[in-house]
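Residue numbers (the UniProt record's numbering), protein chains in the order written: chain H, 1 to 345; chain W, 1 to 345. To keep things clear, I will list the structure first and then write my remarks on it.
Protein chains: 2
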Amino acid sequence: MTIKEIAKRANVSLGTVDRVIHDRGKVSKETKEKILRILKEVDYKPNFYARGLVLNKSYVITALVPDFDAGEYWEMPSRGIKQAAKDLNQFGIKVVFFYFDQNDSESFIRKVQEVLELKPDGVILTPVINFEAVKLCARLRTMAIPFSIIDSNIQNSGSISFIGQDAIQSGRLAAKLLSTSTGGKGKILILSIKNNENHNKTLQKRSEGFKDFLSQSDSLQDIKIVELNVDQRESNWKECLEDILVGQNPDGIYVPSSKVHFVAEVLMKRKLKIKLVGNDLIDNNLDFIAAGIIDYIIDQRPETQGYLAVENFYKYLVTKQRVENDYYLPLDIITKENYMYYRSQ
Amino acid sequence: MTIKEIAKRANVSLGTVDRVIHDRGKVSKETKEKILRILKEVDYKPNFYARGLVLNKSYVITALVPDFDAGEYWEMPSRGIKQAAKDLNQFGIKVVFFYFDQNDSESFIRKVQEVLELKPDGVILTPVINFEAVKLCARLRTMAIPFSIIDSNIQNSGSISFIGQDAIQSGRLAAKLLSTSTGGKGKILILSIKNNENHNKTLQKRSEGFKDFLSQSDSLQDIKIVELNVDQRESNWKECLEDILVGQNPDGIYVPSSKVHFVAEVLMKRKLKIKLVGNDLIDNNLDFIAAGIIDYIIDQRPETQGYLAVENFYKYLVTKQRVENDYYLPLDIITKENYMYYRSQ
DNA sequence: TTGTATGCGTTATCAT
DNA sequence: ATGATAACGCATACAA
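Spelled out as structure tokens, the structure:
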């Protein structure tokens, strides 16, 4: 059903119908009501193609994400964002990337400046440098630029959506898998590998969930937990790591981040048979999952997170649909027997 | 870059450019080459909206799937297909469902007749009634109607794509999870619940993969496997099931289908603590996963399968993109700690 | 308050 | 072999 046909039905011109549809006023009450009635009756849906053609708008979305080396975690959201940019290009969606150094607040602040100068139609941001990210949210609100947050959330940020993970539940899940693997007993090591003070919120929540799970289960009271950190800013951190693993010799290890491959490396080299659970099916972890050195990876689809963030803007800006506020992605359990079907979804 | 602009560059009218783009001939060799060169130079991409508007085509896709009661497996693919039909409606994609009784070949044959009479632009089919499905593929090929297969595959069918699961690997994965849960030892029961002779190909492959995994692992040679069937066509099959479970009293049970909830029911009722692994996060299994009665569910995203099948036709028919031939979906591992994020993806 | 005309980019048809 | 033009449905500027 087209506007023209509706106009004919209502005995008015299509201009009048259009004014009613867009609520531009200048229509008498009676005709407005009549047209509204017909519109509802025929369940009028504007022709997507005609609408897109005449509007011919394009939208610039900026993606403010940490830079990365190949194989690292932040490559994944970037991939998803790029793929979505490609798929949605025909609808006028353009994505401009701004990469910052996650260990350097100043670099984030500089990139924020560049983003704001661009006056984009939407911003995708990652709250890795939390304090500055919160400030950015406030500025975007006053500038009336819609934004969405991926990875981890900022409460009451005013974003159109959050797309990410439930980090606490991720930790609980890890605890379930690891404790099952060690037969519900033994010594378990929670090993955090950090390289700055900024983005350990997620690590912290995962550890919390992990411990919570073990403490709440009556049958797992025999498990002994040891919590240790390794700081990548120390020059000898790799030796530290090795010393810890050999010295502690636990039955299971949980690394609440994508850096589990560093541990896997040591286990392989030293031929240590220790159950190992970590996060994120990044390239660096892939071989260790395939070899069974890492027993389980918990993955929250970072690629999909990036993709959905862009797609959400498409829905929000182009099709004017409402978008979900909070979008928690599934916590995928990945192991030697199913990892091969998890790449490039 | 529009056709008009390209025409100006080439000093011809836009009609000529159009003839070159669509290779309709009636263009001199020199001008054709010149235009082709410019087209490549500017990387011309037709405006999606204008194209859609002027073509104004609509496509009818038929979905030939088994009927179901609420909460059963086949509800999932149907849901995905419906969702895709809704999302892609604006692009002229219309889906017509034909539900058949999976225990009655005749009903399938009747529905096939109806499908063919409709002369659809595409067919989505499920090879549950394998023999008849193979015949249908042949007829669709001669009628030049593109079709795609979901769930389980038919070799060399000539489909534009297959979207489904790797059933053997699914069985292997189940074996890994269940054997880990029983501590790598004990008695394990493979329990198939059937109600016809048609669709046990998937069950068979899963069982095969399951046994294969156990036999190939040196450390799992202590595990004793018992294989049993329950036939739902017997009036007293529920009692049979109960007798088996109580009589065998195994350490772990693998039900290679979505019907694992029937076993879970008995375990709950009889308060039996037996490790249980099955397939498909259908509504009927949901409460048992939440309660921890079912330890692991392996799910191959049946909803996504349906969605992708329709989306593939959109790509194939509307945007004329190439589509993937074989599309194996990830084997998701679902358990008490992560099931809540797997519904309505 | 209402109606009309123009254009968006592509396709397809009709003249030349 | 080439060019001109109408049509798709919608949005909008402008005329009445």
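Glycine included, every Cβ here is placed at the ideal spot set by N, Cα and C. Please read all numbers here as calculations on a predicted model, not as lab measurements.
Counterpart residues of residue i in DSSP-defined beta bridges
i, result
"E227/H", "I190/H"
"G164/W", "D151/W, Y328/W"
"L125/W", "L64/W, I149/W"
"I21/W", "None; I21/W has no bridge partner."
"I334/H", "I297/H"
Beta-carbon separation (whole angstroms), residue i vs residue j, contact threshold 8 angstroms
i, j, result
"N279/W", "G71/W", "Not really, about 14 angstroms apart at Cβ, beyond 8 angstroms."
"G52/H", "Y341/W", "Wrong, their Cβ atoms sit about 34 angstroms apart, outside the cutoff."
"Y328/H", "G158/H", "Actually they are not in contact, since the Cβ atoms of Y328/H and G158/H sit about 19 angstroms apart, beyond 8 angstroms."
"L14/W", "K26/W", "L14/W to K26/W, Cβ: 15 angstroms. No contact."
"R301/W", "E337/H", "Rounded, the Cβ-Cβ distance is 17 angstroms, inconsistent with contact."
"A290/W", "I81/W", "With 8 angstroms as the limit, A290/W and I81/W do not qualify as a contact, their Cβ atoms being about 27 angstroms apart."
"A63/W", "F98/W", "7 angstroms"
"S170/W", "N229/W", "Incorrect: roughly 19 angstroms between the Cβ atoms, too far for contact."
"D67/W", "F100/W", "7 angstroms"
"I190/W", "S207/W", "5 angstroms"
"R139/W", "L116/W", "7 angstroms"
Under the three-state DSSP convention, the category residue i falls into
i, result
"N312/H", "helix"
"F10/W", "Per the sequence shown, the amino acid found at residue 10/W is Ala instead of Phe. Correct three-state label for A10/W: helix."
"T62/H", "strand"
"V255/H", "coil"
"D299/W", "strand"
"Y99/W", "strand"
"G278/H", "strand"
"V42/H", "coil"
"K119/W", "coil"
"I244/W", "helix"
"K201/W", "helix"
"K271/W", "coil"
"I93/H", "strand"
"I294/W", "coil"
"Q216/W", "helix"
"Y49/H", "helix"
"T182/H", "coil"
"S235/W", "coil"
"N285/H", "helix"
"D87/H", "helix"
"N130/H", "helix"
"A144/H", "coil"
"S28/H", "coil"
"K57/W", "coil"
"P75/W", "Before going further, note that residue 75/W is Glu rather than Pro in the sequence given. If DSSP states are grouped into helix, strand and coil, E75/W belongs with the helices."
"A264/H", "helix"
Beta-carbon gap between residue i and residue j smaller than 9 angstroms
i, j, result
"K119/W", "M143/W", "yes"
"S258/W", "Y59/W", "no"
"Y254/W", "V277/W", "yes"
"K201/W", "T335/H", "no"
"Q90/W", "Y307/W", "no"
"L331/H", "I298/H", "yes"
"A264/W", "G209/W", "no"
"A133/H", "I160/H", "no"
"I188/H", "I225/H", "yes"
"T180/W", "S181/H", "yes"
"R9/H", "D18/H", "no"
"N249/H", "Q102/H", "no"
"E272/H", "L241/H", "Before going further, note that residue 272/H is Leu rather than Glu in the sequence given. Against a cut-off of 9 angstroms, the Cβ pair of L241/H and L272/H comes out as no contact."
"G292/H", "I274/H", "no"
"V12/W", "I61/W", "no"
"Y44/W", "M1/W", "yes"
"I129/W", "S105/W", "yes"
"V20/W", "K29/W", "no"
"L178/W", "D326/W", "no"
"K185/W", "I223/W", "yes"
beta-carbon residue i near the ligand GTP non-hydrogen atom, thresh 8 angstroms
i, result
"Y99/W", "Absence of the ligand GTP from the depicted structure is noted, as is the absence of any ligand whatsoever, leaving it without description."
Self-check item: Selection of the region 147 to 178 of chain W by Cβ proximity to chain H, strictly under 8 angstroms
Solution: Cβ contacts with chain H come from D166, Q169, R172, L173, K176.
Practice problem: Please name the residues in the region 205 to 220 of chain W whose beta-carbon is closer than 8 angstroms to at least one beta-carbon of chain H, in chain order. | Solution: F213
Quiz item: When you check each C-beta in the region 299 to 328 of chain W against every C-beta of chain H, which residues fall closer than 7 angstroms?
Solution: Y328
Self-check item: the region 80 to 94 of chain H: positions lying closer than 8 angstroms to chain W by Cβ
Solution: Taking 8 angstroms as the Cβ-Cβ cut-off against chain W, the residues of the region 80 to 94 of chain H that qualify are Q90, F91.
Quiz item: Relative to chain W, which residues along the region 270 to 288 of chain H have a C-beta separation below 7 angstroms, given in chain order?
Solution: none
Quiz item: In chain order, what residues of the region 4 to 28 of chain W put their CB closer than 9 angstroms to some CB of chain H?
Solution: none
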